Amino acid sequence: MESNASQSDVYSASSVEEIKASLNDLGKRDAVITARLNELLSTQRDLHTTLSRLDLARAHLGSHVLAARSLHNTTLRPAASTAHRISSAVKKLDTEQASVRSTLDVVEQVAELKACVLGVHGSMGAPQDWETAANYLYRAGKVDKAVLEGDFAEQIVPTAEVPDPPRQTLEAAAESLCGLFLREFEKSAREGDGSGVTRFFKLFPLIGRKDVGLDAYGRYVCSGIAARARSNLNTAGAKKEGVFYATTLTKLFEHIAQIVDGHEPLVERHYGQGSMVKVIERIQVEADVQGGIILDTWAEERRVSRKLTDVKSYPFNFLVQSFLPSQKSNLSSTSRSGSPAPASGRASEDEGVDMKEIDALLNESGIMLSRWSFYTRFIASKSTSPSDDYENTTGLTVPTFIANSTLQRKISDLLIDPFNTMSTFFFRRSVEKAFQLDESPPGLHLNPSRPLGANSPFITSAVDDVMYIVNQVLQRTLSTSQRSIVASVLPSVGRVLGGDFFGMVQRKMRDESYPKAAIAGALPPESLIVQFLVLINNLDVATEYVKRIVGQQQALDAQDGMSDRFPFGHEATFVERTLRNLDQGFEAKTSELVNEALEVMVKQVMRPRLRPVLGETFRDVDYSVTPEDDDREGEDDGGAASEDLVVQRFERGWQAFTLPVKRILTPTSWDKLLTLVVTHLARVLEKRIWSLYGRLTPLGAVRLERDISGIVSAACRGGRYDLREVFGRCVQMCLVVNMEEDEWEEIEKLKGQELERVSGVQWKLDAEERKRCVKMRYHSLLAATLPLTTSAINVVISNDDGWAEKNIRVLYDSLTDAGYDALLSAPAENQSGTGSLDGEPDEVDDGCEFDSCPPGSPPYGNNASMPNINYVNSYPVTAMRYGTQNLSSTYFDSGSPDIAAAGPNVGSNLGIVTFFSGTVGAATEAAKQGVPAFAFSGKSGDAVAWNTATETYQQVYADLSTTVTQALINSGTPYLPEGIWLNVNYPEVSDSTCSSPSDFSFVLSRIHTAVPLVSDDDVTTCDNGGRLPTESTVIHADGCYASISVGKAENKLDADADEQETVLNKLGSILTCLPS
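189 is the number of the first residue of the sequence shown in this note's numbering; add one for each residue after it.
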């Protein structure tokens, strides 16, 4: 680039001076380049000099290579040749030396052989020195066989006295001595000469007759075993009762063990390591015989076969009839029940099988099985070579001669199989007997001021009885150390616990102690509640007992080692797994039932009792208070005392209904129940807070936060601290409502983790819910300057399915929990399909539906304990009008209702069906009277009684209806245009789909299908072109969509677009569009 620049300067020069300057610059550059070229040439000359030197060095190296080769050829090659010749000579010398040594060895062995032959011959002669003769034979046995049978020995060894070949001579001598030793051994054995037995037993291996000696020795010890066994079994005057046969079998095994332990050193020393195994195999044959005799005699004497037949045919009448659907129990909660069950067909089931005899049989057979296990383990350890490494990894292995023995088969047939069968029977019969004699703890009640008449844990006697037997059966089973017994008995115990024991408690919960109200709207009787709590305790304590029993066994085995009890193969691992399965299987079943039972307690007992407590807690509490009102209240009520009024009321009521339950339940069950109740309380408080929309001033918001905080503290006192997390939404709602405007603006800008970091709160409210709370605050600020309603919203509820139907009762509870004053006025019987029929009520001839009132009841009636739940023996229209015009003036402080709600109806009310629906008729009747009204209907379910368990769909429909009601209330008055009602339909609900109110969205719809060119346009929304979807389209759309339609009360037709728009604006916070 510089060259180009210079050239351009030369060519662009415009004067002589510029040309001279450019030429001067080019000259300097030329000088630099010349210098560099000279330097490069100088370097090249040095390179040539170096290469020349390398060529000279290579020439010198070649001459050195030639000199080295010349030295190798003239000097080193002759030396190598000489070394090779020397090595060959050495090898030949070694070969010759080996041949000489081999020859000398043969000569020495032949000489030794000749000496032995002559020694044997001489010793067997006149001296008759048998030990010496045997030793000579032993020495001869060490001579190599090739030498013994070789020609050299046959030529050298024979003599005039012993002319026969050495092999023939030695074999004849050994055979002769073997016969002689055998005769002398048997003679000594008959005479009881122990030293003679030992003397000749030691000689057999010396003459190469180990098998003969071991066999003779085996016969010898077996005769002693047989004699001792017969003596033990036929002891004169011995009573063969108790554990006599177990003791006899134990003595047999102990005797064999003593023989093996005592004789093993002798056998192993003279016959070699592992030789005792052959004696043990021979002993096992005798053990099969003697043990078989003992077991056969035991089985016959104890009539095992007859007892097995009785056990297998035992009918378990009490258990069977207890589970029959038609079985009606009349058991007293405090007295023992009769035994056996009614209609059992005989005076006593115990006559068929004597449980004491079964228990004795199990004890004796358990001892025998335990001794058999010890014996098998002992024999296996004696039959295992010390060099076997597998013992450390897979445990002992049962020897084949034991596994295939006759005694093993008898053990299986006469002990193991009957033990399995009788153990299962014994346990199941014990469970049956425990429930036949079951007693409830006395003196239990729900009066917190009176002491309880029993000690905790409050359980029935059956639990202690059954768990004692569980422990006994478990210990006896494990003491046998038999894998097959563990594999049979423990699962059977689990099945009986999970079937009979669990089933009896479950049946009692369902049929005898279910906390069900005797009359509609009342609380369950105290006796049923107490019995139900005791049954929950039964399950909880039984689970803990089983866990403790299994844990104790595992702890004992951890100390002694499970592998010591079950040393064969992987038996120890199997037993540990079986114990865990027993514990975990039973716990899984009981935990599920306990959770279900606690849910029942919440729905049937705790929630109904909590409802009046909250009613009293918030009675006359005004959160629309102004500072002036607060000053007046302070003067009237004494200031600080009134600040804690809500908390004091709640704590007093909370303790009154929770403490009695807490005293009876076990701590574990109470903790679970408290969690459920507190969770429900949190939902109720949340509904109540939302219902204060429009009735909350800034000072009221402060009071609300203080009251909610006090209620949370009172409810969680004595429980786990993390229970407070359940109230997180309520606490955060109060927090947001009381935020200053600048504080809220800062929070509103943040999202996600940054929001939680800056605010220091893990938010349970989403952004929309927080904004809704803020609107409550803004609304309250505006409302503080306006006159406010200080009383709760009054709601009249009716339906056409009847006053005792479950749906309307759940809606009543939901509205009451949300803080509304609810009044129920509904037909005494199911009046579905009666439309807008009206008629004068008359006397109830056949009783109210679901036996909720007796025959001959008056035309109007109510629940004795809850007078705001009423029936009218007429049509839905009549019942609704009676509620809005007559009952309202009696039960509502203002004397009139604010809202009317009909339903939730069992089944949808869509399109033309609305003309005939009694639920719709009731809603339109209220609207005609000027009361804003809803008609709620749900697709799921059938008409069921008020006292059945609450299903998912019932709770979802009720909570959704409360949500719609709250939304309308929050929109302010007037709630609806005059003569307008809302038809709300819910889709199908199941435990897997649309199972929570949060799953639902509401869509504005129309009741009837629009007729083209006839029907007027609807309100424009969701880009619908002036036509709303029908209710059927909405509730059958994919997802969980509920329809809200606007109707005219006078004709049950769709309202016009203006009235639809009014509803759209009021309910806009909950309305959405169907997906396109």
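Every residue, glycine too, gets a C-beta built ideally from N, C-alpha and C. Quick caveat: nothing in here was measured; it's all calculated off a predicted structure.
Rounded to whole angstroms, what's the CA-CA distance from C366 to A404? Just pull it up for me. Mapped onto the sequence shown, residue 366 falls at position 178. Mapped onto the sequence shown, residue 404 falls at position 216. Spanning the two alpha carbons is a distance of roughly 11 Å.
From which residue to which residue does the alpha helix (DSSP H) around F615 run? Locating residue 615 in the sequence shown gives position 427, counting from the first residue. Taken as a continuous stretch (DSSP letters only), the alpha helix (DSSP H) holding F615 covers D605 to Q624.
Same chain only: Cβ atoms within 7 Å of L370, ignoring 5 sequence neighbours per side: Stepping through the sequence shown from its first residue, residue 370 is reached at position 182. So the qualifying residues of the chain are V400 and A404.
C-alpha distance - N580 paired with A760, whole-angstrom precision: Translated into the one-based positions of the sequence shown, residue 580 becomes position 392. Translated into the one-based positions of the sequence shown, residue 760 becomes position 572. Residue placement at N580 is poorly supported in this model, since its pLDDT is 49, which falls under 50; the coordinates still yield a value, given next. So the two alpha carbons sit approximately 13 Å from each other.
Output the boundary residues of the alpha helix (DSSP H) element that contains F1190. Here residue 1190 corresponds to residue number 1002 of the sequence shown, with the count starting at 1. Note, F1190: premise wrong, no alpha helix (DSSP H); beta strand (DSSP E) at S1189 to S1193.
Measuring straight from C-alpha to C-alpha, what distance separates G307 and S290? Counting from 1 along the sequence shown, the entry for residue 307 is found at position 119. Counting from 1 along the sequence shown, the entry for residue 290 is found at position 102. Taking the straight line from one Cα to the other gives about 25 Å.
Would you identify the three-state DSSP class for D1030, choosing helix, strand or coil? Reading the sequence shown from its first residue, position 842 is the one you call residue 1030. DSSP places D1030 in the coil class of the three-state scheme, outside both helix and strand.
According to DSSP, which residues form a beta bridge with A1089? For the purposes of this step, residue 1089 is taken as the residue at position 901 of the sequence shown. In DSSP, A1089 forms a bridge with I985 and F1122.
Report the CB separation of L602 from A487 in whole angstroms; it is logged as a contact under 8 Å. On the sequence shown, residue 602 is found 414 positions in, with the first residue counted as 1. On the sequence shown, residue 487 is found 299 positions in, with the first residue counted as 1. Contact flag correct, Cβ pair sits at about 5 Å.
Tell me, please, which residues DSSP counts as bridged to K1236. Here the question's residue 1236 lines up with position 1048 in the sequence shown. According to DSSP, K1236 bridges with I1168.
State the Cα-Cα distance for the pair P1120 and A1088, rounded to the nearest angstrom. Working through the sequence shown from its first residue, we reach residue 1120 at position 932. Working through the sequence shown from its first residue, we reach residue 1088 at position 900. P1120 and A1088: Cα-Cα distance of roughly 6 Å.
Three or more C-beta pairs closer than 8 Å, one from the region 370–382 and one from the region 438–449: is that the case here? No, the region 370–382 does not touch the region 438–449.
The region 1133–1140 in contact with the region 991–999 per 3-pair CB rule at 8 Å: They touch, by the three-pair rule.
Expressed to the nearest angstrom, what Euclidean distance is found between the alpha-carbon atoms of R273 and D282? For the purposes of this step, residue 273 is identified with residue 85 of the sequence shown, where counting begins at 1. For the purposes of this step, residue 282 is identified with residue 94 of the sequence shown, where counting begins at 1. If you take the alpha carbons of R273 and D282, they lie about 15 Å apart.
According to DSSP, residues forming a beta bridge with T1218: Residue numbering aside, residue 1218 sits at position 1030 when the sequence shown is read from its first letter. Bridge partners of T1218: R1194.
Beta-ladder partner(s) of N1173, from DSSP: As a first step, residue 1173 must be located in the sequence shown, where it is residue number 985. Residue pairing by DSSP puts N1173 in a beta bridge opposite S1125 and S1231.
Going by DSSP, what residues sit across from L1259 in a beta bridge? Here residue 1259 refers to the residue found at position 1071 of the sequence shown. Answer is F1190.
Would V718 and R616 be called neighbours here (beta carbons separated by less than 8 Å)? The sequence position of residue 718 within the sequence shown is 530, counting from 1. The sequence position of residue 616 within the sequence shown is 428, counting from 1. Not in contact: V718 and R616 (Cβ atoms no closer than 8 Å).
For L767, is the classification buried or exposed, using 16 other Cβ atoms within 10 angstroms of its Cβ as the cut-off for buried? Within the sequence shown, residue 767 is the residue found at index 579, counting from 1. Its Cβ being crowded by 16 or more others within 10 Å, L767 is buried.
Taking only three categories from DSSP, how would you classify Y702? Walking along the sequence shown from the start, residue 702 turns up at place 514. Coil, per DSSP.
Looking at the structure shown, is A980 part of a helix, part of a strand, or coil, going by DSSP? For this step, residue 980 is matched to residue 792 along the sequence shown. If DSSP states are grouped into helix, strand and coil, A980 belongs with coil.
Can you list, in chain order, the residues of its chain whose CB lies under 6 Å from that of N1171, leaving out five sequence neighbours each side? Position 983 of the sequence shown, counted from the start, is the residue given in the question as residue 1171. These residues qualify, in order along the chain: A1123, I1195, S1233 and G1235.
Measure the alpha-carbon distance for E929 versus L884 and round it to whole angstroms. Start at 1 with the first residue of the sequence shown, and residue 929 comes out as number 741. Start at 1 with the first residue of the sequence shown, and residue 884 comes out as number 696. Rounded to whole angstroms, E929 to L884 spans 16 Å at the Cα level.
May I ask you to report which of helix, strand or coil DSSP gives Y1141? Residue mapping note: residue 1141 aligns to position 953 of the sequence shown, counting from 1. Residue state, collapsed to three classes: helix.
Whole angstroms is fine: what's the gap from L421's alpha carbon to L770's? Here the question's residue 421 lines up with position 233 in the sequence shown. Here the question's residue 770 lines up with position 582 in the sequence shown. So the two alpha carbons sit approximately 40 Å from each other.
Just the Cα atoms here: how many angstroms apart are T1250 and L1164? Translated into the one-based positions of the sequence shown, residue 1250 becomes position 1062. Translated into the one-based positions of the sequence shown, residue 1164 becomes position 976. So the two alpha carbons sit approximately 8 Å from each other.
Given G739 as reference, the closest of P266, T778, E489 and N659 once Cα atoms are compared: In the sequence shown, counting from the first residue as 1, residue 739 sits at position 551. Of the residues P266, T778, E489 and N659, the one whose Cα lies closest to the Cα of G739 is N659.
Tell me which residues share the same chain as L1320 and place their Cβ nearer than 8 Å to its Cβ, disregarding the 5 neighbours each side in the sequence. No statement about residue 1320 is possible, as the shown extent of the chain runs from 189 to 1264 and does not include it.
Going by the DSSP bridge assignment, what does A271 pair with across the sheet? Here the question's residue 271 lines up with position 83 in the sequence shown. For A271, which the question treats as bridged, DSSP gives no partner whatsoever.
Starting from the N-terminal side, write out each stretch of the alpha helix (DSSP H) that is 4 residues or longer and does not extend beyond the region 1024–1073. The qualifying runs are 1064–1070.
Can you tell me whether P1265 is helix, strand or coil according to DSSP? No answer is possible for residue 1265: it lies beyond the span of the chain, which begins at 189 and ends at 1264.
Given a cut-off of 8 Å on the beta-carbon distance, is the pair V1060 and S1020 in contact? As a working mapping, residue 1060 is identified with position 872 in the sequence shown. As a working mapping, residue 1020 is identified with position 832 in the sequence shown. In this structure, S1020 does not lie closer than 8 Å to V1060 by Cβ.
Can you tell me the Cβ-Cβ gap for I555 and V661, rounded? I've got them flagged as a contact below 8 Å. As a working note, residue 555 is residue 367 in the sequence shown. As a working note, residue 661 is residue 473 in the sequence shown. Not really, about 15 Å apart at Cβ, beyond 8 Å.
Measuring straight from C-alpha to C-alpha, what distance separates L1192 and G990? The residue given as residue 1192 occupies position 1004 in the sequence shown. The residue given as residue 990 occupies position 802 in the sequence shown. Going by C-alpha positions, L1192 is about 29 Å away from G990.
Close-in-space but distant-in-sequence residues of the same chain around S1159 (CB under 6 Å, 5 per side omitted): Locating residue 1159 in the sequence shown gives position 971, where the first residue counts as 1. Cβ neighbours of S1159 beyond the five flanking positions: K1254.
So what does DSSP say about S857, is it helix, strand or coil? Position 669 of the sequence shown, counted from the first residue, corresponds to residue 857. The DSSP-derived three-state label of S857 is helix.
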